[in-house]
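Protein chains in written order, with this note's numbering: chain A, 20 to 348; chain B, 20 to 348.
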């Protein structure tokens, strides 16, 4: 596992919680043979104790005793068959995550990631590399956290011709807009979101729609087979939405939501009017998506878009899919 | 295929629409070797033309030239490896559907059904029979039409501990309650639902909650491993909901929805207050469900609960899952 922040620690906890489940389903443990944080690592071919790692990180700030410079060198030094890449997102260069994922796929290892940077920048290259080397490459948690949208499109809806996906891909914006529905100004709602820990001190990435745009790119590439990057998205954020606009929408039985729209020809993030009672009119920090396809019509899904356990649950679902697949072959 | 009403014809059309998809994915066609309606059948070991059957049914009222008395005798006379059972629902005895499904599973054939009667009455027996004979037995379309709830719980969320499911399992009731939100009385809304073709002339099965209760039973047995039938459900319908109750809910920023609640200890269908903006506050004929689990938290899904193409799409998803599985082994 590369990365041991909130999501990495959450996934370590989930591995401990699901130890018996995994043992029973596969007849063996999922061994954590190496874990890196940003500067140190711990490794043991017999398997590390995930909860011990979480405790050590909490008390010392580091996951391991050994310092390292280059994650690829660390990966070269251990035997592993799957990389869980959960290092911090860098949407400008792809960061260490892009290097680690590339190395793992080149080495014919399966990869699970929730890291939006590499996916928004180099999706096509990474998927081709995985295909060439017959590796599994899964990234459910990169869009919508616990909301199972990518696997839903790829697996449950594989017989459908999907025409479009419209969704709420940023819980912070949805929280702010929901608070504005209840009469707060944008500034009041943003301040409250910051106090609640939903928005960062510099909220630009969320409120200007950049985070939603990354997710739209991932869906465009993975569900619609497009070849687009962040700069291809038409983006309008929510910072200029006034209380008057919200009130006018409400008078027409509508709410305003920040919607990412993805289709074979569209790639856009912008505030939209949504009728109350519509599946995308949901309130709070939830993420949601509506998938429109030729047979099923509109199918909507919502769930928690972020969170320690919640994002870890998406990684677990990818891990189970990969282990099921290995068991079969 | 046993049954050639709306859903059966819809599935025949879907088979024609997805002919190329199936051929490409599996290297062979899905051949329809025998189709029965309530009194006749057509059979051809080389495969019937699904669109010709639909046309014949439309022009003559019958799918085939040969009359029959007993669906089991027909099945004995043809070679097949999968039964699609879509005959009319009989929740008192299970009807012809129960007989056909039982015979198919006893003969070690895979079965896909959307028929709520056999599932609500004899779930445990049918699942045991399928397990004993190593057959696939799938029924996604029996709950929520195109909304992929059963496969979502069994596959995407297999690593979750599901604590409860609460859902809107009847689109007719939801349509009526949504119209009451807009100021209609129950009687006006019901009349409109009947004019639109959403409610039957005798609307008892929908408005008294019996249809929702069948679906709650199927979820209780299939997702929670319970062994319950229709008579175990505590049922309250929507016929006594007044405009005053709706107005009072609205004044508190709530709506009233007919909710089925299923958990290891609960099995109930009753009108509930749902906050506006909640995933279960949706309007119109949609079905919806909220699945609460230990890691992901609440995941909600909604979609069209009925319809020719929509229910057929659920059958298609089950067919693909079965064919994928056969391809692997």
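We treat Cβ as the ideally placed atom computed from N, Cα and C, and that holds for glycine.
Closest to residue i by CA distance: which of the options is it?
i	options	result
residue 108(A)	47(A), 281(A), 306(A) and 234(A)	234(A)
residue 196(A)	292(A), 270(A) and 168(A)	292(A)
residue 181(A)	325(A), 319(A), 27(A) and 343(A)	319(A)
residue 134(B)	91(B), 114(B) and 275(B)	114(B)
residue 232(B)	149(B), 216(B) and 279(B)	279(B)
residue 123(A)	96(A), 110(A) and 111(A)	96(A)
residue 250(A)	323(A), 103(A) and 111(A)	111(A)
residue 53(B)	64(B), 44(B) and 47(B)	64(B)
residue 289(A)	276(A), 38(A) and 262(A)	276(A)
residue 93(A)	20(A), 144(A), 294(A) and 335(A)	20(A)
residue 88(B)	308(B), 55(B) and 186(B)	55(B)
residue 102(A)	116(A), 131(A), 117(A) and 79(A)	131(A)
residue 125(B)	117(B), 208(B), 152(B) and 146(B)	152(B)
residue 238(A)	116(A), 22(A), 331(A) and 160(A)	160(A)
residue 199(B)	274(B), 46(B) and 254(B)	274(B)
residue 335(A)	80(A), 22(A), 23(A) and 31(A)	31(A)
residue 203(B)	176(B), 236(B), 262(B) and 254(B)	262(B)
residue 338(A)	269(B), 343(B), 176(B) and 270(B)	176(B)
residue 186(B)	236(B), 150(B), 149(B) and 148(B)	236(B)
residue 116(B)	22(B), 230(B), 244(B) and 254(B)	22(B)
residue 201(B)	331(B), 173(B) and 269(B)	269(B)
residue 173(A)	244(A), 149(A) and 47(A)	244(A)
Contact defined as beta carbons within less than 8 Å: I believe residue i pairs with residue j. What is the distance between those atoms, to the nearest angstrom?
i	j	result
residue 205(B)	residue 260(B)	6 Å
residue 314(B)	residue 328(A)	5 Å
residue 157(A)	residue 340(A)	7 Å
residue 349(A)	residue 33(A)	Missing from the structure shown is residue 349(A); chain A here goes from 20 to 348 and no further.
residue 121(B)	residue 86(B)	The Cβ separation is near 23 Å, so there is no contact.
residue 61(B)	residue 82(B)	6 Å
residue 349(A)	residue 286(A)	Coverage of chain A is limited to positions 20 through 348, which leaves residue 349(A) absent and any answer about it impossible.
residue 322(A)	residue 178(B)	Not a contact, Cβ separation roughly 14 Å.
residue 347(B)	residue 44(A)	In fact, because the Cβ distance is near 17 Å, the residues do not count as touching under 8 Å.
residue 264(B)	residue 184(B)	Contact flag wrong, Cβ pair sits at about 25 Å.
residue 295(B)	residue 295(A)	7 Å
Just how far apart, CA to CA, sit residue i and residue j?
i	j	result
residue 283(B)	residue 310(B)	13 Å
residue 267(B)	residue 73(A)	49 Å
residue 246(B)	residue 240(B)	6 Å
residue 301(A)	residue 141(B)	38 Å
residue 68(B)	residue 29(B)	14 Å
residue 333(A)	residue 281(A)	22 Å
residue 100(A)	residue 128(A)	5 Å
residue 155(B)	residue 345(B)	10 Å
residue 248(A)	residue 304(B)	38 Å
residue 98(A)	residue 211(A)	47 Å
residue 66(A)	residue 166(A)	30 Å
residue 312(A)	residue 163(A)	20 Å
residue 216(B)	residue 326(B)	11 Å
residue 76(B)	residue 84(B)	11 Å
residue 35(A)	residue 41(A)	10 Å
residue 272(B)	residue 119(A)	49 Å
residue 306(A)	residue 220(B)	40 Å
residue 170(B)	residue 143(A)	29 Å
residue 218(A)	residue 208(A)	10 Å
residue 214(A)	residue 222(A)	12 Å
residue 258(A)	residue 256(B)	45 Å
residue 80(B)	residue 57(B)	11 Å
residue 298(A)	residue 324(A)	16 Å
residue 71(B)	residue 24(B)	15 Å
residue 148(A)	residue 150(B)	40 Å
Residue i: beta carbon under 7 Å from a heavy atom of the ligand PLP?
i	result
residue 335(B)	With respect to small molecules bound, the structure shown includes none, and the ligand PLP cannot be examined in it.
Any contact of the region 218–227 of chain B with the region 180–199 of chain B, i.e. 3+ C-beta pairs under 8 Å?
Result yes; three or more Cβ-Cβ pairs closer than 8 Å.
Notebook entry, point to check: Can you give, in chain order, each stretch of the alpha helix (DSSP H) that sits fully within the region 109–188 of chain B and has at least 4 residues?
Noted result: Listed in chain order, they are 114–125 and 135–151.
Residue ranges of each alpha helix (DSSP H) within the region 186–262 of chain A, 4 or longer = Counting only runs of 4 or more residues that sit fully inside the region 186–262 of chain A, the alpha helix (DSSP H) segments are 190–200, 205–214, 223–226 and 229–243, in chain order.
Legend entry - Contained beta strand (DSSP E) runs [length at least 3] in the region 33–72 of chain A, N- to C-terminal order: Counting only runs of 3 or more, we get 53–55 and 59–62.
Segments of 3+ residues assigned as beta strand (DSSP E) that fall wholly inside the region 280–341 of chain A: Runs of the beta strand (DSSP E) inside the region 280–341 of chain A: 286–294, 305–312 and 316–323.
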